[in-house]
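Undergrad: In this note's numbering, the protein residues as written are 579 to 720.
No residue lacks a Cβ here, since even glycine has one placed at the ideal position from N, Cα and C.
Next up is a structure, given as structure tokens.
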Amino acid sequence: MTKQRVLILCTGNSARSRMAEGLLKQIASDRFEVFSARTKPVGLNPNAVAALGEIGIDISGNRSKSVDEYAGQNFDYVITVCDSARESCPIFTGQGVRVHHSFEDPASFSSDQQPAKFRQIRDEIRSWLPVFLQNHTLDNSA
Numbered sequence: 579m580t581k582q583r584v585l586i587l588c589t590g591n592s593a594r595s596r597m598a599e600g601l602l603k604q605i606a607s608d609r610f611e612v613f614s615a616r617t618k619p620v621g622l623n624p625n626a627v628a629a630l631g632e633i634g635i636d637i638s639g640n641r642s643k644s645v646d647e648y649a650g651q652n653f654d655y656v657i658t659v660c661d662s663a664r665e666s667c668p669i670f671t672g673q674g675v676r677v678h679h680s681f682e683d684p685a686s687f688s689s690d691q692q693p694a695k696f697r698q699i700r701d702e703i704r705s706w707l708p709v710f711l712q713n714h715t716l717d718n719s720a
């Protein structure tokens with residue numbers, strides 16, 4: 579079976595898309611090649627690294643990537659995890675299904691609130707991904 583390709587987009591690729599990429603890889607790496615990117619340049623947020631590290635997922639060696647790095651590539655799914663990314667999401671050649679689910683930006687909170695907010699958003703993404711898998715997985719077993 580060929581793995582389906584998923585690109586997860588967010589404005590900064592520093593938190594929500596990075597956490598969604600790490601979580602989807604953990605629960606479905608046997609079925610998906612998962613990538614994430616940003617529409618505007620921002621580095622990887624250490625709170626995202628910490629929130630995933632608490633549940634055994636290490637994204638510390640990852641880097642924030644621009645959507646331009648994926649120009650011309652085909653994806654079965656392009657998932658936007660914030661409204662801004664959905665509005666500015668580029669069109670990919672041969673693009674499959676576009677899926678949108680907006681998650682609150684945990685980096686928009688005060689520094690003392692951020693650790694709890696990053697955990698909350700991590701858990702919201704972790705709860706949403708099985709719904710995505712159930713409702714949007716293409717049958718490519720043929």
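Quick one: Cα of residue 676 to Cα of residue 655, how far?
TA: Roughly 6 Å between the two C-alpha positions.
Undergrad: Does the segment 580–588 come within contact of the segment 606–624, defined as at least 3 CB pairs closer than 8 Å?
TA: The segment 580–588 is in contact with the segment 606–624.
Undergrad: Using CA atoms only, rank isn't needed, just tell me which of 689, 688, 692, 630 is closest to residue 602.
TA: Nearest C-alpha to residue 602: 630.
Undergrad: Is residue 598 helix, strand or coil by DSSP?
TA: Helix, per DSSP.
Undergrad: So within the segment 588–651, which uninterrupted alpha helix (DSSP H) runs reach at least 4 residues, ignoring any that extend past its ends?
TA: List check, alpha helix (DSSP H) in window: 594–606, 624–631.
Undergrad: In angstroms, rounded to a whole number, what distance separates the CA positions of residue 681 and residue 689?
TA: Going by the C-alpha atoms only, they are around 18 Å apart.
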